[in-house]
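*Asks:* Structure below; questions to follow.
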Amino acid sequence: MNLYVEHDAARLAAFTGTDQPACDALIVRLGQPDDVLAAMVGGNPLDGTWLWDLDLPSQRVMAWSGTLGEELFEPNPRTWMAPGRDALDAFCDQVSGQLTTHGRVLCLRPHSRHVLSDIQTTLTFALERQDEPFEFALDPVALLEPSMLDTVDDHLTRIIDTLGGRCAMLLLRDARVSDDGESIESVPLGEGVLPRDLVRTLIDACVPDDTPVVITPERLDEQRDWLTG
200 MNLYVEHDAA RLAAFTGTDQ PACDALIVRL GQPDDVLAAM VGGNPLDGTW
250 LWDLDLPSQR VMAWSGTLGE ELFEPNPRTW MAPGRDALDA FCDQVSGQLT
300 THGRVLCLRP HSRHVLSDIQ TTLTFALERQ DEPFEFALDP VALLEPSMLD
350 TVDDHLTRII DTLGGRCAML LLRDARVSDD GESIESVPLG EGVLPRDLVR
400 TLIDACVPDD TPVVITPERL DEQRDWLTG
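Okay, so the sequence shown: first residue is 200 according to our numbering, each after it adds one.
In structure tokens, the structure reads:
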């Protein structure tokens with residue numbers, strides 16, 4: 200399995216004795232911190248203040264697909280309707296030329312509370328922008344809401360079956376409901392409710408062998424065993 204780890208950028212810089220890049224996280228190959236797959240720039244790309252640094256240590260810049268809400272993960276119906284998609288299209292049109300000029304690709308990270316919020320919006324975006332410097336990372340847990348966990352097998356099957364062969368990378372997290380019951384929290388593999396056998400079967404069947412699979416830095420041995428043991 201083509202394994203990578205998503206590290207907090209500040210912690211990774213301190214560990215490697217390098218300067219922190221202008222990003223929130225770096226996705227690096229397991230055991231090779233100098234092999235950088237992507238730089239995650241957090242924040243809301245649709246709020247008019249989002250920027251990416253030309254000195255980022257990766258040709259792939261990752262970002263959320265954005266929201267029209269005041270808070271990054273605030274549910275806002277306008278985000279999922281025409282105004283949200285119009286705002287994302289305007290943003291992509293604005294940065295496309297700069298990405299091409301500098302040889303960069305913007306990898307959007309869908310989330311259930313952002314513009315790319317589900318299978319269909321993500322697939323439509325990928326097809327419409329396939330000849331432009333855009334791609335998407337698939338984080339199945341980020342597309343879930345608490346009400347979906349009762350039928351999580353069905354949701355995971357449809358998500359990975361439809362999008363697993365098109366994504367630039369697969370971000371694998373486990374899922375649990377937040378203490379207030381209002382949202383899904385991402386946790387390391389093995390600490391949540393995801394059905395391991397189903398996830399492994401879907402990866403084998405739907406995700407190309409060379410697609411990067413990205414896990415969190417906690418309990419790496421246990422997570423690798425969850426995936427392959």
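Positions of the beta carbon are idealized from the N, C-alpha and C atoms, including for glycine.
#1: Please classify residue 224 as buried or exposed, where buried requires at least 16 other C-beta atoms within 10 Å of its C-beta.
#2: Hey, residue 255 and residue 238: beta-carbon distance below 8 angstroms or not?
#3: From what residue to what residue does the alpha helix (DSSP H) around residue 374 run?
#4: By Cβ distance, which residues of its chain are closer than 7 angstroms to residue 258, with the 5 residues on each side in sequence left out?
#5: If residue 283 sits next to residue 314, beta carbons under 8 angstroms apart, how far is it from one beta carbon to the other, in whole angstroms?
#6: Which class does residue 289 belong to by DSSP, given the choice of helix, strand or coil?
#7: Skipping 5 residues on each side, what residues in its chain have a beta carbon closer than 6 angstroms to that of residue 413?
#8: Just to confirm before moving on: does the CB-CB distance between residue 399 and residue 426 stay below 8 angstroms?
#9: Can you check the stretch 366-406 for any beta strand (DSSP E) of at least 3 residues that lies completely inside it and give the ranges in chain order?
#10: Taking 8 angstroms as the cut-off, decide whether the C-beta atoms of residue 376 and residue 416 are in contact.
#11: Can you tell me whether residue 289 is buried or exposed? The criterion is at least 16 other CB atoms within 10 Å of its CB, across all chains shown.
#12: Do you know whose CA, among 343, 293, 300, lies nearest residue 312's CA?
#13: Got a sec, what are the start and stop residues for the beta strand (DSSP E) residue 205 sits in?
#14: Nearer than 7 angstroms: is that true of the beta carbon of residue 247 relative to any heavy atom of the ligand ADP?
#15: Is it true that the CB of residue 275 sits closer than 8 angstroms to the CB of residue 267?
#16: State the Cα-Cα distance for the pair residue 329 and residue 374, rounded to the nearest angstrom.
#17: By DSSP's criteria, residue 333 is part of a beta bridge. Which residues make up the other side?
#18: Assuming contact is defined by CB atoms lying nearer than 8 angstroms, are residue 230 and residue 245 in contact in what I supplied?
#19: Just to confirm the assignment, what range does the alpha helix (DSSP H) spanning residue 357 have?
#20: Taking 7 angstroms as the limit between beta carbons, can you name the residues of its chain near residue 222, skipping five residues before and five after?
#21: Roughly how many whole angstroms lie between the Cα atoms of residue 292 and residue 421?
#22: State the start and end residues of the unbroken alpha helix (DSSP H) segment that holds residue 276.
#23: What's the C-alpha gap between residue 337 and residue 309?
*Replies:* Here's the rundown:
#1: Locating residue 224 in the sequence shown gives position 25, counting from the first residue. With 16 or more other CB atoms across the displayed protein chains lying within 10 angstroms of its CB, residue 224 is buried.
#2: Locating residue 255 in the sequence shown gives position 56, where the first residue counts as 1. Locating residue 238 in the sequence shown gives position 39, where the first residue counts as 1. Yes, they are a contact pair.
#3: Position 175 of the sequence shown holds residue 374. First-last for residue 374: 373-376, but that is the beta strand (DSSP E), not the alpha helix (DSSP H).
#4: In the sequence shown, residue 258 corresponds to position 59, counting from 1. Beyond the five residues adjoining it in sequence on each side, residue 258 comes within less than 7 angstroms, by CB distance, of 302, 303, 304 in the same chain, given in chain order.
#5: Indexing the sequence shown from 1 puts residue 283 at position 84. Indexing the sequence shown from 1 puts residue 314 at position 115. So it is a contact: roughly 4 angstroms between Cβ atoms.
#6: Against the sequence shown, residue 289 aligns to sequence position 90. Under the three-state reduction of DSSP, residue 289 is assigned to helix.
#7: Residue numbering aside, residue 413 sits at position 214 when the sequence shown is read from its first letter. Within the same chain, residue 413 has close Cβ partners 203, 205, 226, 368, 370.
#8: Position 200 of the sequence shown, counting from 1, holds the residue named residue 399. Position 227 of the sequence shown, counting from 1, holds the residue named residue 426. Cβ atoms of residue 399 and residue 426: closer than 8 angstroms.
#9: 368-370, 373-376, 383-386, all fully within the stretch 366-406.
#10: For this step, residue 376 is matched to residue 177 along the sequence shown. For this step, residue 416 is matched to residue 217 along the sequence shown. No; because the gap between Cβ atoms is not below 8 angstroms, this pair is not in contact.
#11: For the purposes of this step, residue 289 is taken as the residue at position 90 of the sequence shown. The residue in question, residue 289, is exposed, as its Cβ has fewer than 16 Cβ neighbours within 10 Å.
#12: Counting from 1 along the sequence shown, the entry for residue 312 is found at position 113. When only C-alpha atoms are compared, the closest one is 343.
#13: Position 6 of the sequence shown, counting from 1, holds the residue named residue 205. Its beta strand (DSSP E) spans residues 202-207.
#14: For the ligand ADP, the structure offers nothing, since it holds no ligand at all.
#15: Locating residue 267 in the sequence shown gives position 68, where the first residue counts as 1. Locating residue 275 in the sequence shown gives position 76, where the first residue counts as 1. In this structure, the beta-carbon distance from residue 267 to residue 275 falls below 8 angstroms.
#16: The count along the sequence shown starts at 1 and reaches residue 329 at position 130. The count along the sequence shown starts at 1 and reaches residue 374 at position 175. If you take the alpha carbons of residue 329 and residue 374, they lie about 30 angstroms apart.
#17: Here residue 333 corresponds to residue number 134 of the sequence shown, with the count starting at 1. Paired residues: 305.
#18: The residue you call residue 230 lines up with position 31 of the sequence shown. The residue you call residue 245 lines up with position 46 of the sequence shown. No. Outside cutoff.
#19: Along the sequence shown, read from residue 1 onward, the residue named residue 357 stands at position 158. 351-362 is the span of the alpha helix (DSSP H), which, as asked, contains residue 357.
#20: Residue 222 sits at position 23 when you count from the first residue of the sequence shown. Counting only Cβ-Cβ distances below 7 angstroms, and skipping sequence neighbours, we find 208, 238, 239, 240, 255.
#21: Residue mapping note: residue 292 aligns to position 93 of the sequence shown, counting from 1. Residue mapping note: residue 421 aligns to position 222 of the sequence shown, counting from 1. Distance between residue 292 and residue 421, taken at the CA atoms: about 42 angstroms.
#22: Indexing the sequence shown from 1 puts residue 276 at position 77. In the DSSP assignment, residue 276 falls within the alpha helix (DSSP H) that extends over 276-279.
#23: Translated into the one-based positions of the sequence shown, residue 337 becomes position 138. Translated into the one-based positions of the sequence shown, residue 309 becomes position 110. The alpha-carbon atoms of residue 337 and residue 309 are separated by roughly 7 angstroms.
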